[in-house]
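Once you know that position 52 of the sequence shown is 53 in the numbering used here, the rest is easy, because the numbers rise by one and skip nothing.
Quick reminder that beta carbons are idealized off the backbone N, C-alpha and C, glycines included.
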Amino acid sequence: MGLLNFLKTKDINAGVKDFQATKGAVLLDVRTAGEYAEGHIENSLNLPLQNIEQAVSVIKDKNTPLFVHCRSGGRSASATAALKKMGYTNVSDIGGIMSYNGKVVK
Numbered sequence: 002m003g004l005l006n007f008l009k010t011k012d013i014n015a016g017v018k019d020f021q022a023t024k025g026a027v028l029l030d031v032r033t034a035g036e037y038a039e040g041h042i043e044n045s046l047n048l049p050l051q052n053i054e055q056a057v058s059v060i061k062d063k064n065t066p067l068f069v070h071c072r073s074g075g076r077s078a079s080a081t082a083a084l085k086k087m088g089y090t091n092v093s094d095i096g097g098i099m100s101y102n103g104k105v106v107k
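As structure tokens, then:
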């Protein structure tokens, strides 16, 4: 990891494209159920950060490609770290939906 990588912001738009191009991937929205209901990216799975330990019963294969996002990027970073600690091997933090340029569904 380069010294300046921590300054690089996540690009949720590129992350969603990567998700769409990755067979068997899961787009994981770690916002609250209320936030998710207000608008979410199509085909995303809502698993709030406070319930992240439930991932093992929802996403059984720990090699599944996971693309994690939240509102602004803070919770997705925490969720990504927790998922990796739980043994998930292919986890990408793609940032916050506030920067998303695509369509959201309710």
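Within its own chain, the residues whose Cβ lies closer than 6 Å to the Cβ of G40, once the five positions on either side in sequence are excluded, are V105 and K107, listed in chain order. Excluding its 5 nearest sequence neighbours in each direction, G88 has C-beta neighbours in its own chain below 7 Å: K63, listed in chain order.
Annotated three-state conformation of D12 is coil, per DSSP.
Counting along the chain, S77 sits inside the alpha helix (DSSP H) bounded by residues G75 to K86. Beta bridge pairing from DSSP links N47 with D30.
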